[in-house]
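**Q**
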Amino acid sequence: MLGINARVEDLREQIAKDINAAHMPACIIDYVLTEILNDVRAKRMSEVQKERRLYREEKKTETVEAGEPAPGEAPAAKEIRRVKVPLEKPQEAEPKEGKEGGS
Numbered sequence: 001m002l003g004i005n006a007r008v009e010d011l012r013e014q015i016a017k018d019i020n021a022a023h024m025p026a027c028i029i030d031y032v033l034t035e036i037l038n039d040v041r042a043k044r045m046s047e048v049q050k051e052r053r054l055y056r057e058e059k060k061t062e063t064v065e066a067g068e069p070a071p072g073e074a075p076a077a078k079e080i081r082r083v084k085v086p087l088e089k090p091q092e093a094e095p096k097e098g099k100e101g102g103s
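For the sequence shown, position 63 (counting from the first letter as 1) is numbered 63 according to our numbering, and the numbering increases by one without interruption.
1) Work out the CA separation of residue 33 and residue 58 for me, nearest whole Å.
2) By the three-class DSSP mapping on this structure, what secondary structure does residue 11 have?
3) In this structure, does DSSP put residue 84 in helix, strand or coil?
4) What did DSSP end up calling residue 2 once you bin it into helix, strand or coil?
5) For residue 36 versus residue 29, is the C-beta spacing smaller than 8 angstroms?
See the structure below:
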């Protein structure tokens with residue numbers, strides 16, 4: 001199998017050969033190539049979005065198995081146990097024995 005560089009050059013040469021064989025004015029070739037380029041870009045973006053979705057699903061599966069939240073997700077709420085603590089009445093201050101009597 002040819003390497004990527006050779007295949008890219010073969011594609012480029014084939015496109016140029018097909019354009020020349022079409023005997024169309026440059027304005028028509030420009031229109032056709034623009035449409036093709038727009039289709040290729042849309043396909044590329046679709047593939048990127050698909051790869052990202054699959055990556056997020058894989059990460060989510062990995063983190064669920066590990067019990068951790070996926071990147072960008074909030075951690076799962078932990079159960080909070082409420083404990084009743086009896087409130088004690090404050091002890092009344094005992095009278096202090098001080099100096100009694102006058103001067």
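Note that the Cβ used here is the ideal one computed from N, Cα and C, for glycine as well. Please read all numbers here as calculations on a predicted model, not as lab measurements.
**A** Put simply:
1) 37 angstroms
2) helix
3) coil
4) coil
5) no
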